[in-house]
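To start, the structure under review is shown below, and the notes come after it.
4 protein chains.
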Amino acid sequence: MSAPLLELDPTSPVPIYQQIRDRVVEAVAAGALPAGAPLPSVRSLAAGFGINTATVAKAYDRLRAEGLLRTTSKSGSVVARGPGDPPSPPHVLDDWRARLRTLLAEGHAHGVPDVVAVCREVLGDLAPPTREEAS
Amino acid sequence: MSAPLLELDPTSPVPIYQQIRDRVVEAVAAGALPAGAPLPSVRSLAAGFGINTATVAKAYDRLRAEGLLRTTSKSGSVVARGPGDPPSPPHVLDDWRARLRTLLAEGHAHGVPDVVAVCREVLGDLAPPTREEAS
Amino acid sequence: MSAPLLELDPTSPVPIYQQIRDRVVEAVAAGALPAGAPLPSVRSLAAGFGINTATVAKAYDRLRAEGLLRTTSKSGSVVARGPGDPPSPPHVLDDWRARLRTLLAEGHAHGVPDVVAVCREVLGDLAPPTREEAS
Amino acid sequence: MSAPLLELDPTSPVPIYQQIRDRVVEAVAAGALPAGAPLPSVRSLAAGFGINTATVAKAYDRLRAEGLLRTTSKSGSVVARGPGDPPSPPHVLDDWRARLRTLLAEGHAHGVPDVVAVCREVLGDLAPPTREEAS
DNA sequence: GTGGTCTAGACCACG
DNA sequence: GTGGTCTAGACCACA
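Heads up: the protein sequence lines correspond to chains V, D, L and S, in order. Residue numbers for the first sequence follow the working numbering, so the first one is 641 and each next one is one higher. Residue numbers for the second sequence follow the working numbering, so the first one is 641 and each next one is one higher. Residue numbers for the third sequence follow the working numbering, so the first one is 641 and each next one is one higher. Residue numbers for the fourth sequence follow the working numbering, so the first one is 641 and each next one is one higher.
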C-alpha cells in the first residue's frame with residue numbers, strides 16, 4: 641500500500657485539525673482503522689507533517705469528544721469504535737442528520753440527477769461490505 | 641402559512657452568512673425558489689433581519705460563486721438554476737462529493753445502520769415530488 | 641457584591657482551564673449566570689488573570705462541548721442553559737453519576753456521618769430555591 | 641462470587657493509579673474492606689494486573705496521604721479506617737467538600753431534577769446495611 | 001470588537 | 001516514550 645493514510649492541504653480553508661479529524665473518520669468508516677487500532681502519536685504525526693503538536697492534539701481531542709477515539713497515557717490513542725458498533729447517542733446523530741440535509745439539498749440544487757445513487761456509490765466505495773478484504 | 645422563507649438563528653455557532661446561504665440552497669432544492677425567482681435585495685433582507693448588509697452580501701457572493709444566483713443591475717438577484725437544470729460544472733460537483741464523502745463516512749463510523757436509507761428519507765422529505773408536485 | 645466571580649489558583653494541580661470551567665458551572669448552578677447571560681470575552685478574561693487566551697478558549701471549548709455555553713462570533717459567549725432546563729442527554733448524566741458515586745464513597749469512607757445531609761447543605765448553599773435571591 | 645475486589649480498565653482515560661485508589665475507596669466505604677483488612681502487596685498486585693509496581697505504589701501513596709491506608713514493614717499495607725470511625729481531619733474533608741460542591745453543581749446545572757435524591761440513591765446502593773443498620 | 005486557528009517551544013503527569 | 005498543559009504571540013474569519 642502506498643496510501644499515505646493522511647493527506648493534508650495547508651492551503652485549504654478547512655482547518656488542519658479538521659482535516660486530520662475528517663481523514664480519521666473516513667478511515668474508521670472504511671474499516672482501514674478498526675476498533676482498537678493505534679493512531680500515530682501526537683508528536684510523530686506533527687513531526688511527519690511539519691505541523692504543531694497542539695494542532696494534532698486538538699484533532700485528537702475532537703475525535704475523543706465524538707467517541708471515536710480513546711487515549712491513555714500508556715498506549716497512546718486507539719480507535720474506540722467501528723461502523724458495526726451500536727449507534728452513537730441521538731444528540732450526535734441528530735446533528736449529523738441536520739448537516740446531511742443541507743448537503744444533500746446542495747447536490748440536488750446543483751442538478752445531480754440521482755443524489756441517492758451518488759450516496760450509495762460514495763459509501764460503497766468507502767466501506768466495501770467488509771468482505772474478506774480482497775478477492 | 642406565510643412561509644417565512646428564511647429563518648435565522650443568531651445564537652447558532654453557524655455564521656449568519658452561512659445560514660442564509662444554506663436556507664437558499666434548501667429552498668432551491670425544494671423547488672420553493674425556482675429558476676428566475678427573485679431574491680430580496682441585500683438591503684431589504686438585511687433590514688428585515690436586523691443584520692449587517694455586508695453579511696447578506698457575503699451570502700449572496702457565495703451563492704453567486706456556486707452558480708445558484710445571478711445578479712444584474714436591472715432585475716436584482718434571481719435564482720440562476722433549479723434541480724432540473726443541467727448539472728453544475730465538475731469542479732463544483734467534485735467539491736460537493738468530497739464533502740459528501742466525509743459526511744457519509746461520519747454517519748457510518750457512528751454506527752448508523754443504513755446510511756443510504758437515511759439519505760433517501762432526508763431527501764424525500766426535502767424535495768418531495770419536485771415537479772407535478774401535487775395531485 | 642465584592643464577589644470576584646472567579647478565583648483562580650495557579651499553584652493548584654487542577655488545570656487552569658478546568659478551574660475556569662468549574663467556576664462557571666457553579667455559577668450556572670447557583671443561578672448567578674442564568675441562561676443567556678454573557679461571559680467575559682476570551683481576551684478580557686485572559687488579560688484579567690494574566691493567563692493565555694488559549695487557556696481560556698479551552699475552558700470555553702469544554703463548556704461548549706458540555707452544552708452549557710453557546711458562542712457566536714458576534715455576541716461572544718453566553719450561557720446556554722440553566723438548572724431548570726430539561727436534563728442533558730443520558731450520556732452526560734451517566735458519566736456524572738459514576739463520578740458522583742466515587743466521590744460520595746470517599747466522603748463516607750472518611751467518616752462523614754451523614755453524607756446526604758452534607759450534599760443537601762452544599763447544594764442548598766449553592767442554589768437557594770431561586771427565591772427573591774435574598775431576604 | 642469470588643469478588644474480584646479490583647477491576648481495572650486499561651483503556652479508560654482515568655489513570656491506572658487513580659482507578660486503584662478509587663476502587664479501594666469504594667471498597668472501604670462499602671465495608672468490603674474494614675479497618676485492619678490487609679491489602680495485597682505492591683508487588684503482587686502489580687504482578688496480578690500486569691502493571692508497573694510504581695503505578696501501584698503511587699496509588700497506595702495517595703491512599704496513605706488520605707489516611708485510608710497504613711503501611712508497616714511488619715504487616716504490609718492495611719486499611720487504616722472505616723466509615724464508622726471518627727471523621728478524617730478537616731483539611732481532608734474541606735477538600736472533599738470543595739470537590740463535592742463542584743460535582744453537585746454540575747449535576748444541577750445539567751438539569752438533574754433532584755440532585756439530593758440521586759445522592760441518596762447512589763449512596764444507598766453503595767454502602768447498604770453497613771452494620772446491623774436496619775430492622 | 002469578538003472568537004478561531006496555528007506556531008514554537010516549555011514543563012509536567014503517566015507508566 | 002506517551003499525552004496534557006500552558007505561554008507568547010501572530011493571523012484570519014465574523015459581524
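Ideal placement from N, C-alpha and C gives every residue a C-beta, glycine not left out. Since the structure is predicted, the reported quantities are computational estimates derived from the model, not experimental observations.
Item, Value
"Supposed contact pair residue 731 of chain L and residue 669 of chain S - C-beta distance, whole angstroms, cut 8 Å", "With 8 Å as the limit, residue 669 of chain S and residue 731 of chain L do not qualify as a contact, their Cβ atoms being about 26 Å apart."
"DSSP-derived helix/strand/coil call for residue 678 of chain V", "strand"
"Stretch-stretch touch, CB-based, cutoff 8 Å, three pairs: the stretch 703-713 of chain L with the stretch 653-671 of chain L", "yes"
"Inter-stretch contact (C-beta, 8 Å, three-pair minimum) for the stretch 748-768 of chain L and the stretch 688-695 of chain D", "no"
"Rounded straight-line distance, which links the Cα of residue 647 of chain S to that of residue 675 of chain S", "21 Å"
"Reduced DSSP secondary structure (H/G/I, E/B, other) of residue 710 of chain L", "strand"
"Cβ distance (whole Å) where residue 758 of chain D is taken to contact residue 737 of chain V below 8 Å", "7 Å"
"Any chain L beta carbon closer than 8 Å to residue 817 of chain V", "Residue numbering for chain V in the displayed model covers 641 to 775; residue 817 of chain V lies beyond these limits and cannot be assessed."
"Reduced DSSP secondary structure (H/G/I, E/B, other) of residue 716 of chain D", "strand"
"Under 9 Å from the C-beta of residue 751 of chain L: neighbouring residues of chain S", "721, 722, 723, 724, 725, 726, 727, 728 and 733"
"Neighbour flag for residue 746 of chain V against chain D, beta carbons, 8 Å", "yes"
"Near-chain D residues of the stretch 703-715 of chain L - C-beta to any C-beta below 9 Å", "704, 710, 711, 712, 713, 714 and 715"
"Interface flag, residue 737 of chain V vs chain D, CB-CB below 8 Å", "yes"
"Cutoff 8 Å: residue 682 of chain S Cβ touching any chain L Cβ", "no"
"Beta-carbon gap between residue 696 of chain D and residue 685 of chain D smaller than 8 Å", "yes"
"Boundaries of the alpha helix (DSSP H) in which residue 748 of chain V is found, first to last residue", "730-749"
"Distance CB(residue 753 of chain D)-CB(residue 671 of chain D) smaller than 8 Å", "no"
"Residue interval of the alpha helix (DSSP H) (run including residue 760 of chain D)", "755-766"
"Selected residue, minimal CA-CA separation from residue 734 of chain L, among V/733, V/729, V/735 and V/734", "V/729"
"Residue range of the alpha helix (DSSP H) that includes residue 656 of chain L", "656-670"
"Cβ separation of residue 677 of chain V and residue 718 of chain V, assumed to be a contact under 8 Å, to the nearest whole Å", "6 Å"
"Three-state class that DSSP yields for residue 725 of chain D in the structure shown", "coil"
"Contact check, residue 712 of chain V vs residue 651 of chain S, beta carbons under 8 Å", "yes"
"Residue 739 of chain D to residue 714 of chain L span [Cα, whole Å]", "27 Å"
"Exposure of residue 721 of chain L, with buried meaning 16 or more beta-carbon neighbours within 10 Å", "buried"
"Selection of the stretch 646-678 of chain V by Cβ proximity to chain D, strictly under 8 Å", "662, 665, 666, 668, 669 and 670"
"CA-to-CA distance, residue 727 of chain D to residue 653 of chain L, given in whole angstroms", "59 Å"
"Separation of residue 694 of chain V from residue 701 of chain L, as counted between CA atoms", "15 Å"
"Selection from V/765, V/764 and V/659 that minimises the alpha carbon distance to residue 699 of chain V", "V/659"
"Same chain only: Cβ atoms within 8 Å of residue 679 of chain L, ignoring 5 sequence neighbours per side", "664, 673, 685, 700, 709, 716, 717, 718 and 719"
"Where residue 696 of chain D falls: helix, strand or coil (DSSP)", "helix"
"Chain V within 8 Å of residue 755 of chain D, Cβ atoms only", "yes"
"Rounded separation between residue 682 of chain V and residue 760 of chain S - CA only", "42 Å"
"Own chain, CB closer than 7 Å to residue 661 of chain L, minus 5 neighbours either side, in chain order", "699, 702 and 703"
"Partner residues on chain L for residue 758 of chain S, Cβ-Cβ distance less than 8 Å", "737 and 740"
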